[in-house]
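Number of protein chains: 2
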Amino acid sequence: MRIGELAERAGVSTRALRHYEQQGLIRARRSANGYRDYDEADVRLVAQIRALTAVGFTLEDARPFVACLLAGHESGAACPESVDVYRRKLAEIDAEIRALVARRAEVAAQLKQACPGCAIRRTK
Amino acid sequence: MRIGELAERAGVSTRALRHYEQQGLIRARRSANGYRDYDEADVRLVAQIRALTAVGFTLEDARPFVACLLAGHESGAACPESVDVYRRKLAEIDAEIRALVARRAEVAAQLKQACPGCAIRRTK
DNA sequence: ATAAACGTTCACGCCAACGTCAAGGTCAAC
DNA sequence: GTTGACCTTGACGTTGGCGTGAACGTTTAT
Chain A
388 MRIGELAERA GVSTRALRHY EQQGLIRARR SANGYRDYDE ADVRLVAQIR
438 ALTAVGFTLE DARPFVACLL AGHESGAACP ESVDVYRRKL AEIDAEIRAL
488 VARRAEVAAQ LKQACPGCAI RRTK
Chain B
388 MRIGELAERA GVSTRALRHY EQQGLIRARR SANGYRDYDE ADVRLVAQIR
438 ALTAVGFTLE DARPFVACLL AGHESGAACP ESVDVYRRKL AEIDAEIRAL
488 VARRAEVAAQ LKQACPGCAI RRTK
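Protein chains in written order, with this note's numbering: chain A, 388 to 511; chain B, 388 to 511.
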């Protein structure tokens, strides 16, 4: 299939696909006319990339998952390198949450100090 | 005082001070030689800006606080516009926290699915 | 033959808050 | 009079993941 079809099936833009290629995440055969040519395996590759970037992974983070799929594994997460990334990302997310919670408390404290009567109920 | 002294006393770089000026947050008188000249009020202004950016506010968010101080109030948070910003930022932070928590759950779910035995204990 | 709908490769734009030179004046001390 | 520490105004670089043209070739339908 050509880039437009892959883009539609994977739910990304053609620009994104070319970007993934530039970053070395996916490769494409070329038809005689120079058009990129993809197959079903590429759909799964891109789907994997999307599943990761959708939850905040960078393309760099996605590399091990892509490599894992290319190595023949059914899931991109089946390799230890991928699991390592998962653990690292979980730790990063936890750290971000902690930072945000602390930040919220700090902001609430500033508000309270400047305006004791102001409601500070959480949106949460 | 000159820009270097203000920078040191306020705990920011001279570059940051020039940036704040470019953004219209602070103004500086000029000495005969063209050097920027600041006073004590500016130290408080910059301190206010820092207190806000330190907890994730943008310089744009800081404008009402600066205006409030320039209007003669003791605290930059004493004006209703500032309080509005506080409330908005609290809501934004809450939204970010919710998004991150959901994201964490999603990542943990992906890991669990690909590697049921993998430890998913929180760093938290 | 031509328009429509695809594809190709550059390459700048975006967003925030400065960092980091570059090329040059000013001023106090020695 | 010269070093050195300060100041000035530009203006590009950083970070990520593309968006958005530009300028052009390919294919298909009419």
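Beta carbons are placed, not taken as given, at the ideal position from N, Cα and C, and that holds for glycine.
Could you name the residues of the same chain whose beta carbon sits closer than 8 angstroms to that of B/C455, not counting the 5 residues immediately before and after it, in chain order?
The residue you call residue 455 of chain B lines up with position 68 of the second sequence. S462, G463, A464, A465, C466, E468, S469.
Shorter than 9 angstroms from the beta carbon of A/E483 to some beta carbon of chain B?
Looking up residue 483 of chain A in the first sequence gives position 96. Closer than 9 angstroms: yes.
Does chain B have any CB closer than 9 angstroms to the CB of A/I436?
On the first sequence, position 49 is the one that residue 436 of chain A refers to. By this cut-off, A/I436 is not an interface position.
Rounding to the nearest angstrom, what Cα-Cα distance links B/A441 and B/A403 in this structure?
To locate residue 441 of chain B, count along the second sequence from 1; it is residue 54. To locate residue 403 of chain B, count along the second sequence from 1; it is residue 16. Using only the alpha carbons, I get a separation of about 13 angstroms.
If we define contact as Cβ-Cβ less than 9 angstroms, is A/E493 a contact residue for chain B?
Along the first sequence, one-based indexing puts residue 493 of chain A at 106. Closer than 9 angstroms to some Cβ of chain B, the Cβ of A/E493 qualifies, so yes.
Taking a contact to mean a Cβ-Cβ separation below 9 angstroms, would you say B/R423 touches B/E408 in this structure?
Numbered from 1 along the second sequence, position 36 holds the residue referred to as residue 423 of chain B. Numbered from 1 along the second sequence, position 21 holds the residue referred to as residue 408 of chain B. The answer is yes: Cβ separation under 9 angstroms.
Counting only C-beta atoms, is A/Q500 closer than 9 angstroms to chain B at any point?
Against the first sequence, residue 500 of chain A aligns to sequence position 113. It does; some Cβ of chain B falls within 9 angstroms.
Relative to the C-alpha of B/A496, which candidate in A/Y473, A/P503, A/R490 has its C-alpha closest?
For the purposes of this step, residue 496 of chain B is taken as residue 109 along the second sequence, with counting starting at 1. Ranking A/Y473, A/P503, A/R490 by Cα distance to B/A496 puts A/Y473 first.
When you compare the region 420-436 of chain B with the region 474-481 of chain A, are there three or more beta-carbon pairs, one atom per stretch, that lie closer than 8 angstroms?
No, because fewer than three Cβ pairs between the region 420-436 of chain B and the region 474-481 of chain A fall closer than 8 angstroms, the two stretches do not touch.
For the region 446-478 of chain B, which residues have a beta carbon sitting closer than 7 angstroms to at least one beta carbon of chain A?
Of all residues in the region 446-478 of chain B, S462, A464, A465, V470, Y473, K476, L477, A478 have a Cβ within less than 7 angstroms of some Cβ in chain A.
Measure the alpha-carbon distance for A/D481 versus B/D481 and round it to whole angstroms.
On the first sequence, position 94 is the one that residue 481 of chain A refers to. On the second sequence, position 94 is the one that residue 481 of chain B refers to. Rounded to the nearest angstrom, the two C-alpha atoms are 15 angstroms apart.
On the CB-based measure, 16 or more other CB atoms within 10 Å of its CB, does A/D525 come out buried or exposed?
Residue 525 of chain A is absent from the structure shown; chain A starts at 388 and stops at 511.
For B/L487, which residues in chain A fall below 8 angstroms Cβ to Cβ?
If you number the second sequence from 1, residue 487 of chain B lands on position 100. Neighbours of B/L487 on chain A, chain order: I480, E483, I484, L487.
Excluding the 5 residues flanking A/A501 on each side, which residues of the same chain have their C-beta closer than 7 angstroms to its C-beta?
For the purposes of this step, residue 501 of chain A is taken as residue 114 along the first sequence, with counting starting at 1. Excluding residues within five positions, none has a Cβ falling inside 7 angstroms.
If you check the beta carbons only, do A/L412 and A/A449 fall under 9 angstroms apart?
By 1-based counting over the first sequence, the position of residue 412 of chain A is 25. By 1-based counting over the first sequence, the position of residue 449 of chain A is 62. Yes, the pair counts as a contact, with Cβ atoms nearer than the cut-off.
On the criterion of 16 or more Cβ atoms from any shown chain inside 10 Å, does B/P503 qualify as buried, or is it exposed?
The residue labelled residue 503 of chain B in the question sits at position 116 within the second sequence. Classification of B/P503: exposed, given that the 10 Å Cβ count is below 16.
Determine the direct distance from the alpha carbon of A/L487 to that of B/E483, and round the result to whole angstroms.
Counting from 1 along the second sequence, the entry for residue 483 of chain B is found at position 96. Counting from 1 along the first sequence, the entry for residue 487 of chain A is found at position 100. Roughly 8 angstroms separates the two Cα atoms.
What do you get for B/R491, buried or exposed, if any count of 16 or more other CB atoms within 10 angstroms of its CB means buried?
Mapped onto the second sequence, residue 491 of chain B falls at position 104. Answer is buried; the Cβ neighbour count reaches 16.
Given that B/G443 touches chain A, what residues does it touch there, using C-beta distances under 7 angstroms?
In the second sequence, the residue the question calls residue 443 of chain B occupies position 56. Within chain A, the residues near B/G443 are R490.
On the DSSP letters alone, give me the boundaries of the alpha helix (DSSP H) that A/L519 sits inside.
In the structure as shown, chain A begins at 388 and stops at 511. Residue 519 of chain A is therefore absent and cannot be evaluated.
If you reduce the DSSP assignment to three classes, tell me which class A/R389 lands in.
Against the first sequence, residue 389 of chain A aligns to sequence position 2. Here A/R389 sits in coil by DSSP.
How many Å lie between B/R485 and A/P451 at the Cα?
Here residue 485 of chain B corresponds to residue number 98 of the second sequence, with the count starting at 1. Here residue 451 of chain A corresponds to residue number 64 of the first sequence, with the count starting at 1. The straight-line gap from Cα to Cα measures roughly 28 angstroms.
Alpha carbons only, please: which of A/R405, A/G398, A/S400, A/R389 is nearest the one belonging to A/S418?
Residue mapping note: residue 418 of chain A aligns to position 31 of the first sequence, counting from 1. Of the candidates A/R405, A/G398, A/S400, A/R389, the one whose C-alpha sits nearest the C-alpha of A/S418 is A/R389.
How many Å lie between B/V399 and B/A415 at the Cα?
Numbered from its first residue, the second sequence carries residue 399 of chain B at position 12. Numbered from its first residue, the second sequence carries residue 415 of chain B at position 28. Between B/V399 and B/A415, the C-alpha separation is close to 16 angstroms.
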